[in-house]
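A.B. asks:
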Amino acid sequence: EDQVTQSPEALRLQEGESSSLNCSYTVSGLRGLFWYRQDPGKGPEFLFTLYSAGEEKEKERLKATLTKKESFLHITAPKPEDSATYLCAVGRYGGSQGNLIFGKGTKLSVKP
Amino acid sequence: NAGVTQTPKFQVLKTGQSMTLQCAQDMNHNSMYWYRQDPGMGLRLIYYSASEGTTDKGEVPNGYNVSRLNKREFSLRLESAAPSQTSVYFCASKSLGSGGTDTQYFGPGTRLTVL
Chain A
1 EDQVTQSPEA LRLQEGESSS LNCSYTVSGL RGLFWYRQDP GKGPEFLFTL YSAGEEKEKE
61 RLKATLTKKE SFLHITAPKP EDSATYLCAV GRYGGSQGNL IFGKGTKLSV KP
Chain B
113 NAGVTQTPKF QVLKTGQSMT LQCAQDMNHN SMYWYRQDPG MGLRLIYYSA SEGTTDKGEV
173 PNGYNVSRLN KREFSLRLES AAPSQTSVYF CASKSLGSGG TDTQYFGPGT RLTVL
């Protein structure tokens, strides 16, 4: 069964304390791994798409990496405004019209 | 360019009442989606529309109907609301990126409470 698992469920960091969020997946034919940021009361905001193992993408303090079994979202020197829930999703070849399977998210809190 | 818009933002219904959630996108996307998000459950797909004139069931379609009105608009209808349908509903639309991959863009959500 195709599955996406994110860990930890919640993460508390001090401002400037770097860390990583994990997204492990089991899917028959990966058609892209997606990272989203979701602020309270708002819709998910697209961050990155990774297509193949070894690929990396960066945006400000965020860096996403991908292996054949998992993806990491590295946060370097986080600031309080990085506090949000981070969602991971995978697309599948053979899945209906590129439908995504979402993980349950990691809630990140960054304290000043 | 507003992206994906949803109306209403909030709604309270009584059990058995009906309502329609509206979604529109101005990005000229072909595919549109309806999700629900519940605490501890993640986002779950209710229905999707691959293109104008087509709709298909997702993971949790029971109790819902959809209409793809035109390329821009995709509505979700609750015919007889139940407390189990209390949730946050998100609409999304999809672009086709390079290499055949897909990126979905989400609206701000509708927060629905069924009493």
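Chain order of the listed sequences is A and B. Just so you know, we're using this note's numbering here: the first sequence kicks off at 1 and counts up by one. Just so you know, we're using this note's numbering here: the second sequence kicks off at 113 and counts up by one. Glycine included, every Cβ here is placed at the ideal spot set by N, Cα and C.
Quick one: what's got a C-beta closer than 7 Å to residue 2 of chain A's C-beta in the same chain, skipping five residues either side?
C.D. replies: If we look at residue 2 of chain A and ignore the five residues flanking it on each side, its Cβ neighbours are 26, 27, 28, 92, 101.
A.B. asks: Can you check whether the C-beta of residue 214 of chain B is within less than 8 Å of a C-beta belonging to chain A?
C.D. replies: At least one chain A Cβ lies under 8 Å of residue 214 of chain B.
A.B. asks: Whole angstroms are fine: how far does the CA of residue 159 of chain B sit from the CA of residue 196 of chain B?
C.D. replies: Each residue's alpha carbon lies about 17 Å from the other.
A.B. asks: In three-state terms, what does DSSP make of residue 82 of chain A?
C.D. replies: Correct three-state label for residue 82 of chain A: helix.
A.B. asks: Taking only beta carbons into account, state which residues of the segment 14–31 of chain A come closer than 8 Å to chain B, listed in chain order.
C.D. replies: Per Cβ criterion, the list reads 31.
A.B. asks: In this structure, does DSSP put residue 129 of chain B in helix, strand or coil?
C.D. replies: In this structure, residue 129 of chain B counts as coil in the three-state DSSP scheme.
A.B. asks: Using a Cβ-Cβ cut-off of 6 Å (strictly less than) and excluding sequence neighbours within five positions of residue 172 of chain B, which residues of its own chain qualify?
C.D. replies: So the qualifying residues of the chain are 156, 158.
A.B. asks: If the cut-off is 8 Å on Cβ atoms, which residues from the segment 163–182 of chain B count as contacting chain A, listed in chain order?
C.D. replies: The residues in question are 168, 170.
A.B. asks: From residue 88 of chain A to residue 52 of chain A, what does the alpha carbon distance come to, in whole angstroms?
C.D. replies: Roughly 15 Å between the two C-alpha positions.
A.B. asks: Looking at chain B, is there any beta carbon in it that lies within less than 8 Å of the beta carbon of residue 105 of chain A?
C.D. replies: Answer yes: the Cβ-Cβ gap between residue 105 of chain A and chain B drops below 8 Å somewhere.
A.B. asks: Compare the C-beta of residue 201 of chain B with all C-beta atoms of chain A and state if any pair is closer than 8 Å.
C.D. replies: For residue 201 of chain B, the answer is no, since every Cβ of chain A falls outside 8 Å of its Cβ.
A.B. asks: With H, G and I counted as helix, E and B as strand and the rest as coil, what does DSSP make of residue 52 of chain A?
C.D. replies: Coil.
A.B. asks: Can you tell me whether residue 227 of chain B is buried or exposed, with buried defined as 16 or more other CB within 10 angstroms of its CB?
C.D. replies: It counts as exposed.
A.B. asks: Leaving aside the five residues before and after residue 113 of chain A along the sequence, list all residues of the same chain whose C-beta is less than 6 Å from its C-beta, in chain order.
C.D. replies: This structure does not reach residue 113 of chain A, given that chain A is present from 1 up to 112, and the question cannot be answered.
A.B. asks: From this set, A:75, A:23, A:81, A:69, which residue's C-alpha is nearest residue 105 of chain A's C-alpha?
C.D. replies: Nearest of A:75, A:23, A:81, A:69 to residue 105 of chain A, Cα basis: A:23.
A.B. asks: For a test of the three-state rule: what should DSSP assign to residue 65 of chain B, helix, strand or coil?
C.D. replies: There is no way to answer for residue 65 of chain B, as the model of chain B reaches only from 113 to 227.
A.B. asks: Establish whether the CB of residue 157 of chain B and some CB of chain A are separated by less than 8 Å.
C.D. replies: Taking Cβ atoms only, chain A reaches closer than 8 Å to residue 157 of chain B, which makes this a yes.
A.B. asks: Quick check on the burial criterion: 16 or more other C-beta atoms within 10 angstroms. Buried or exposed for residue 122 of chain B?
C.D. replies: Its Cβ having fewer than 16 others within 10 Å, residue 122 of chain B is exposed.
A.B. asks: Who are the neighbours of residue 220 of chain B on chain A, taking C-beta pairs under 9 Å?
C.D. replies: Ordered by position in chain A, the residues that pass the 9 Å Cβ test against residue 220 of chain B are 41, 42, 43.
A.B. asks: Which residues share a DSSP beta bridge with residue 144 of chain B?
C.D. replies: B:161, B:205.
A.B. asks: From the beta carbon of residue 128 of chain B, is the nearest beta carbon of chain A less than 8 Å away?
C.D. replies: Output row for residue 128 of chain B: interface = no.
A.B. asks: Pick helix, strand or coil for residue 196 of chain B, following the three-state DSSP scheme.
C.D. replies: Residue 196 of chain B falls in the helix class under three-state DSSP.
A.B. asks: Which same chain residues end up closer than 7 Å to residue 128 of chain B when comparing Cβ atoms and leaving out the 5 residues on each side of it in sequence?
C.D. replies: If we look at residue 128 of chain B and ignore the five residues flanking it on each side, its Cβ neighbours are 192, 193.
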